[in-house]
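J.:
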Amino acid sequence: MIGWIIGGVVVAIIVIWFISSYNGFVKMRNSTEEAFSSMDVFLKKRYDLIPNFVETVKGYAKHESETLEKVIAARNMAAGSKTMEDQIANENVFQSTLKSLFAVTEAYPDLKANTNFLKLQEQLTQIESEIEKSRRFYNAVVNKYNTMTEVFPSVIVASLFSFKRKPLYEVSDATQRENVKVQF
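So in our numbering, spot 124 of the sequence shown is number 109, and the numbers just go up one at a time.
(1) Between which two residues does the alpha helix (DSSP H) carrying threonine 52 extend?
(2) Please report the distance separating the alpha-carbon of tryptophan -11 from that of phenylalanine 10.
(3) Determine, using beta-carbon pairs with one atom in the stretch 141 to 152 and one in the stretch -1 to 8, whether at least three such pairs fall under 8 angstroms.
(4) Throw me the rounded Cβ distance for the leucine 53 and valine 42 pair, which I believe falls under 8 angstroms.
(5) Only counting the same chain, and skipping five residues up and downstream in sequence, which positions put a Cβ closer than 6 angstroms to that of serine 66?
(6) Would you kindly report the start and end of the unbroken alpha helix (DSSP H) that includes lysine 118?
(7) Out of Phe137, Pro138, Glu135 and Tyr123, state which residue places its alpha-carbon closest to the alpha-carbon of asparagine 15.
(8) With 16 as the cutoff for other CB atoms within 10 Å, does asparagine 131 come out buried or exposed?
(9) What are the boundary residues of the alpha helix (DSSP H) that includes proline 36?
(10) Look up glutamate 155 in the DSSP assignment and say whether it is helix, strand or coil.
(11) State the DSSP-derived secondary structure class of serine 147, mapped to helix, strand or coil.
(12) Which residues in the same chain as valine 127 place their Cβ atom closer than 6 angstroms to its Cβ, once the five residues preceding and following it in sequence are excluded?
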């Protein structure tokens, strides 16, 4: 009789742990999706601001059309991403093309004094700051989630219910870590 009670208590503890672990994974998965969605809002704001920025630069830098076209193409590719992984990869490409746009603007002192340009640049700076904060938050949540998928005993629940690692939002290659070189 006591053996049955002890066995029942052990089974109950295991079931409670199992349910708790599963619910923890669901909460963390939802938190990572919410964090990515929050970051995506700021990315969308930036995507919406870039065409105005490019148009302002176009007025001053007519012979820089190739650079401007690359920025718009990269923006469209990043804005049209379907998966989280594609979004991260396309966003890294977009970041690179934005650096070339900023390099172009350095060559035009009249542009840098333009009120509309300055307002757009201020908005873009503010949005970039928000994107950076949201990326850090996203990476923190993803790191916690990924840790849960790999540590014992929660790895058992992760394996049974296919809770897979999520990608961190990182700079993709060493070229994006370098400073932009402006040459005239």
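Where a beta carbon is used, it is the ideal one built from N, C-alpha and C, also for glycine.
In this text, all values refer to a predicted model and were calculated from it rather than measured experimentally.
T.: So, from the listed chains and residues:
(1) Along the sequence shown, one-based indexing puts residue 52 at 67. Where threonine 52 is concerned, the enclosing alpha helix (DSSP H) stretches over 50 to 64.
(2) Position 4 of the sequence shown holds residue -11. Position 25 of the sequence shown holds residue 10. Going from the Cα of tryptophan -11 to the Cα of phenylalanine 10 covers about 31 angstroms.
(3) yes
(4) Here residue 53 refers to the residue found at position 68 when the sequence shown is read from its first residue. Here residue 42 refers to the residue found at position 57 when the sequence shown is read from its first residue. About 7 angstroms; that satisfies the 8 angstroms criterion.
(5) Taking the sequence shown and counting its residues from 1, one reaches residue 66 at position 81. So the list reads Gln72 and Asn75, once near-sequence residues are dropped.
(6) Residue 118 sits at position 133 when you count from the first residue of the sequence shown. Note, lysine 118: alpha helix (DSSP H), 100 to 135.
(7) If you number the sequence shown from 1, residue 15 lands on position 30. Closest option to asparagine 15, Cα to Cα, is Tyr123.
(8) Translated into the one-based positions of the sequence shown, residue 131 becomes position 146. So asparagine 131 ends up on the buried side.
(9) If you number the sequence shown from 1, residue 36 lands on position 51. From DSSP, the alpha helix (DSSP H) with proline 36 extends over -13 to 45.
(10) Position 170 of the sequence shown, counted from the start, is the residue given in the question as residue 155. Three-state DSSP puts glutamate 155 in coil, outside helix and strand.
(11) Numbered from its first residue, the sequence shown carries residue 147 at position 162. Reduced to three states, the DSSP call for serine 147 is coil.
(12) For this step, residue 127 is matched to residue 142 along the sequence shown. Here the set comprises Thr17, Lys151 and Leu153.
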